[in-house]
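Shown next, in structure tokens, is the structure this report addresses.
There are 2 protein chains.
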Amino acid sequence: MSRTTIADVAREAGVTKATVSHALSGNRPISDDTKAKVLAAVEKLNWVPSQSARALATQRANAVAVVLARDPDVIANDSFFPAFIAGVESVLAETETALLLQVVPDRDAEERAYRTLTHGRADGALLLDLRTDDWRVPFLDDLGLPTVLVGAYDEPTEFSCVRTDDATPVREIIAQLRADGHERIAHISGPLDYVHSKARAEAYSAEIGSDELLREGDFTAASGRTRTAELLALPDRPTAILYSNDTMAIAGLSYARSQGLAVPRDLAISGFDDDHLSAHLSPALTSVSSDPAARGRAAARLLRADILGAQPRTEIVDCNIVHFRESTAPSASA
Amino acid sequence: MSRTTIADVAREAGVTKATVSHALSGNRPISDDTKAKVLAAVEKLNWVPSQSARALATQRANAVAVVLARDPDVIANDSFFPAFIAGVESVLAETETALLLQVVPDRDAEERAYRTLTHGRADGALLLDLRTDDWRVPFLDDLGLPTVLVGAYDEPTEFSCVRTDDATPVREIIAQLRADGHERIAHISGPLDYVHSKARAEAYSAEIGSDELLREGDFTAASGRTRTAELLALPDRPTAILYSNDTMAIAGLSYARSQGLAVPRDLAISGFDDDHLSAHLSPALTSVSSDPAARGRAAARLLRADILGAQPRTEIVDCNIVHFRESTAPSASA
DNA sequence: TACACTCATCAAACCGGTTCACTGACGAAC
DNA sequence: GTTCGTCAGTGAACCGGTTTGATGAGTGTA
């Protein structure tokens, strides 16, 4: 089954390839008459233009890419990612743009991946898991690949950016905990070179006025457990812990319990990112839902605009909502 | 910055385009001497071949696709999908194959997506969320697109297939529950036109010998709650419920509790698919881990073989492990 | 010295679209 | 009746690779 090409359609309609192309794209005026003939031929032959030929001719891949340098395990346990992708897709679908996903093991592979992308595979990229002073930003700038940064990026940059306000929910949670009588409030952050971890940790430090009870985790359950153990072993242990994601919070909760502490009576716990199961735990986990789908939609729209040549701009998606649940309920003794 | 092409490399190395191509692909013998010159030129100019040009010339997109017709919400709450994708990627990365992800709203868009894919966008596809008598199977067969089915598919098919044995873990759980003294064991399934839901439900029915306590859910928390409520309202209510995924199980657990039932004392509960948080719930949820990453790897390998023209074959990934946890612990009263 | 036979390289065609410079026909203006 | 402008459509070049048939140099043989 040799596939039908635009030449077949042209022959069928009794016109040239150029006419077929113009009739369909509308780039040149074509009489309604021949336009109808072309459409009929397209229909009859069930023709679909070859994406690779079109990409070569137009220098447009009609695809955007997400390159992830994460460990497969981390991807699997991340509640942000799938929802974000779903949001991205909902926008891309409108323009028949495909989403290219690439997971790479190391920086070398990542550079190669981006290089290949720029050469006919994708028209733009979304940058996730931003680090402070991320090497990819100047690299992609160099490559000239339209890019949207997801997360805050403080260096000056030519790229569009989707940010959220992570400081406000942190302050809200701390305010509530204080109102409930907590004075020793700790924070277990994600890796501090991730911009979002850092933003949360800095909001915590600023509000509390000290880093004494700040510990750096890495978003895994194991680190949630270890850091929690450290904090609870302190002579003057915290009565509340704010975690930078739900996985660590739940691991912490389960450790605290194993030490005979009741949550929230002896220890208040809050997560971040609101995993879909968190509301169903017992105690239900206080967390911050951040509508990853909305951020995905915003990022996709910005990227589309960038590719079409619009000025880069920063969009703040105001989506963080604190859900206070049982795990931070005021203890009866307070 | 007009990108460098193979012609630039050829000029730099003092040879023709053809020689560059052969030197790199090894399709024709090229002297070590010129090969070295070519490589030096490639290095110097930092040349990366254009994927679109290559795709057009070779009729190979070097990409495979996953088209999802799911609701974005469902994607966001699915623990299977990200891990599966991660597994797929780990295999594709070896051959610089990209993964194309497309989320479509309806069947029309899905057909169009597949048509476009076959025309220069992708070399093959992975089919998820298989239904009994799925229209996509004959459709893709017609299109001639190499495809791997993920999940059982009972109709005769020319496609490769990655299956799992879902019946055994269901039987194991039921056996354990019976050993713990349960006699009224219910099952809340996923939509029964999904092959994996159906396989689980059929294993349940066969083992129990009756459909009296079988209810059809749809994998959402809401359905888990509703169906649980129905079962618990029965005059002779079940003392154990087997859910077809963890989300429904947790929703059911939380409903049962709201009705004053203790888990596992008054009601034993088991999930399926082992969400990463399930082990951390309290009570920790008995579930079946199914290693989605392993299935992703198997599917990607089969697809790669298919694209290269291998005979289609079915691979059974034996990955289902039942994790018995507190939610099905034998009640003290038993 | 002529012949066959490799081996390395070249030149051109090809993949399937898009785009641009050009042509021919027709109507309006002078 | 000639000239100009517009409009619809044509033909060829082009995008950047890969592939194939032809070419020429170099070696071995008769």
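If you're matching them up, the sequences are chains A and B in order. Residues 1 to 334 (this note's numbering) make up the first sequence, in order. Residues 1001 to 1334 (this note's numbering) make up the second sequence, in order. All residues carry an ideal CB built from backbone N, CA and C; glycine is no exception. All values reported here derive from a predicted model rather than from experimental measurement.
{"query": "At least one CB of chain A closer than 9 Å to the CB of B:Ile-1250: is that the case?", "result": "yes"}
{"query": "Determine the DSSP secondary structure at A:Tyr-153, reduced to helix, strand or coil.", "result": "coil"}
{"query": "Any contact of the region 247 to 255 of chain A with the region 276 to 290 of chain A, i.e. 3+ C-beta pairs under 8 Å?", "result": "yes"}
{"query": "Taking the straight line between their C-alpha atoms, what separation do you get for B:Pro-1105 and B:Tyr-1114?", "result": "13 Å"}
{"query": "Ends of the alpha helix (DSSP H) at B:Tyr-1204?", "result": "1195 to 1208"}
{"query": "Would you mind stating whether B:Arg-1121 and B:Ala-1063 have Cβ atoms separated by less than 9 Å?", "result": "yes"}
{"query": "With 9 Å set as the bound, which would you pick, yes or no: does the beta-carbon of A:Ala-13 sit closer than that to a beta-carbon of chain B?", "result": "no"}
{"query": "Any beta carbon of chain A sitting closer than 9 Å to that of B:Met-1001?", "result": "Residue placement at B:Met-1001 is flagged as unreliable, the pLDDT there being 44, under the threshold of 50; a coordinate-derived value is accordingly withheld."}
{"query": "Is it buried or exposed for A:Gln-311, if we count other Cβ within 10 angstroms and need 16 for buried?", "result": "exposed"}
{"query": "Applying the criterion that 16 or more other CB atoms from any shown protein chain within 10 Å of the CB defines a buried residue, is A:Thr-16 buried or exposed?", "result": "exposed"}
{"query": "How is A:Val-15 classed by DSSP in three states: helix, strand or coil?", "result": "coil"}
{"query": "For the candidate residues A:Leu-261, A:Asp-266 and A:Arg-227, whose alpha-carbon lies nearest to that of A:Ala-181?", "result": "The sequence shown places Gly at residue 181 of chain A, not Ala. Of the candidates A:Leu-261, A:Asp-266 and A:Arg-227, the one whose C-alpha sits nearest the C-alpha of A:Gly-181 is A:Asp-266."}
{"query": "Please list the partners that B:Thr-1116 has in chain A, where partner means a Cβ-to-Cβ separation under 8 Å.", "result": "Val-48, Gln-51 and Glu-96"}
{"query": "So that I know if they touch, is there some Cβ in chain B lying closer than 9 Å to that of A:Ile-85?", "result": "yes"}
{"query": "Give the residues of chain A in contact with B:Gly-1120, contact being defined as C-beta atoms less than 7 Å apart.", "result": "Ser-50, Gln-51, Ser-52 and Ala-53"}
{"query": "Does the beta carbon of B:Leu-1056 sit closer than 9 Å to a beta carbon anywhere in chain A?", "result": "yes"}
{"query": "Kindly list the residues whose CB is nearer than 8 Å to the CB of B:Thr-1118, restricted to its own chain and excluding five residues on each side of it in sequence; keep chain order.", "result": "Leu-1143, Gly-1144 and Leu-1145"}
{"query": "What do you get for B:Thr-1097, buried or exposed, if any count of 16 or more other CB atoms within 10 angstroms of its CB means buried?", "result": "buried"}
{"query": "Check the C-beta distance from A:Val-170 over to A:Tyr-204 and give it rounded, since I have them as a contact under 8 Å.", "result": "6 Å"}
{"query": "Would you kindly report the start and end of the unbroken beta strand (DSSP E) that includes B:Arg-1301?", "result": "It is not in any beta strand (DSSP E) - B:Arg-1301 instead sits in the alpha helix (DSSP H) that spans 1292 to 1307."}
{"query": "Residues in the region 1262 to 1287 of chain B with C-beta within 7 Å of chain A's C-beta atoms, listed in sequence order?", "result": "Asp-1275, His-1276, Leu-1277, His-1280, Leu-1281 and Ser-1282"}
{"query": "Taking the beta strand (DSSP E) that B:Gln-1259 belongs to, which residues open and close that run?", "result": "First-last for B:Gln-1259: undefined, no H or E at that position."}
{"query": "Can you list the residues of chain A that B:Ala-1069 reaches, using a CB-CB cut of under 9 Å?", "result": "Those do not exist, as B:Ala-1069 stays about 11 Å from chain A at its closest Cβ, beyond 9 Å."}
{"query": "If you follow the beta strand (DSSP E) that A:Gln-102 is part of, which residue opens it and which one closes it?", "result": "98 to 103"}
{"query": "Where does A:Ile-317 sit, in a helix, a strand or coil, going by DSSP?", "result": "At residue 317 of chain A the sequence reads Val, which differs from the Ile that was named. In this structure, A:Val-317 counts as coil in the three-state DSSP scheme."}
{"query": "Give the C-beta separation of A:Leu-213 and A:Arg-184 to the nearest angstrom, bearing in mind that I take them to be a contact with Cβ-Cβ under 8 Å.", "result": "7 Å"}
{"query": "Is A:Phe-81 close to chain B? Criterion is C-beta to C-beta, closer than 9 Å.", "result": "yes"}
{"query": "Going by DSSP, name the residue or residues bridged to A:Thr-116.", "result": "Answer by DSSP bridge pairing: none, since A:Thr-116 is not bridged."}
{"query": "First and last residue of the beta strand (DSSP E) that includes A:Gly-124?", "result": "124 to 127"}
{"query": "Give the secondary structure of A:Glu-94 by DSSP, where H, G and I count as helix, E and B as strand, and everything else as coil.", "result": "helix"}
{"query": "With DSSP as the reference, identify every bridge partner of A:Val-162, one or two as the case may be.", "result": "A:Val-150 and A:Glu-315"}
{"query": "Rounded to whole angstroms, what is the Cα-Cα separation between A:Ala-206 and A:Ala-167?", "result": "10 Å"}
{"query": "Is any heavy atom in the ligand PLP found nearer than 8 Å to the beta carbon of B:Tyr-1114?", "result": "The ligand PLP is not part of this structure, which contains no ligands at all."}
{"query": "Could you tell me if B:Arg-1003 is buried or exposed, where buried requires 16 or more neighbouring beta carbons within 10 angstroms of its beta carbon?", "result": "exposed"}
{"query": "Can B:Gln-1051 and A:Thr-226 be called in contact, C-beta distance under 9 Å?", "result": "no"}
{"query": "Of all the residues that make up the region 123 to 135 of chain A, which are near chain B by a beta-carbon distance shorter than 7 Å?", "result": "none"}
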